[in-house]
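**Student:** Let me give you the structure first, and then I'll get to my questions.
Residue numbers (our numbering): 19 to 91.
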């Protein structure tokens, strides 16, 4: 919920996938997220960012905007 709130407050469109009860989707997410199984797992421009705390850390370090614009950090 916190990750969605941050994205919505910044006016960022996002795609949310509900994987509850879908073991195949959970396995795919874990594979793409370097073995992490907690939700949410956040991807920006195809790059795995991490979870909610990681997203907020990027925002605090003023790196989120660069990622959203497709720039390398």
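Beta carbons: idealized from backbone N, C-alpha and C, even for Gly. Source: prediction; values computed, not measured.
With 16 other CB atoms within 10 Å as the buried threshold, where does residue 36 fall?
**Tutor:** Mapped onto the chain shown, residue 36 falls at position 18. Result: exposed.
**Student:** Using only CA atoms, which one of 24, 58, 63, 44 lies nearest to residue 88?
**Tutor:** Reading the chain shown from its first residue, position 70 is the one you call residue 88. When only C-alpha atoms are compared, the closest one is 63.
**Student:** By DSSP's criteria, residue 62 is part of a beta bridge. Which residues make up the other side?
**Tutor:** As a first step, residue 62 is located in the chain shown; it is residue number 44 there, counting from the start. DSSP, once it has assigned bridges, lists 65 as partnering residue 62.
**Student:** Between residue 48 and the rest of its own chain, which residues show a CB-CB distance below 6 Å, the 5 nearest in sequence each way excluded?
**Tutor:** As a working note, residue 48 is residue 30 in the chain shown. Excluding residues within five positions, the ones whose Cβ falls inside 6 Å are 55.
**Student:** Which value, in whole angstroms, describes the spacing of the CA atoms of residue 59 and residue 39?
**Tutor:** Counting from one through the chain shown, the residue named residue 59 turns up at place 41. Counting from one through the chain shown, the residue named residue 39 turns up at place 21. Near 16 Å, if we compare the C-alpha coordinates of residue 39 and residue 59.
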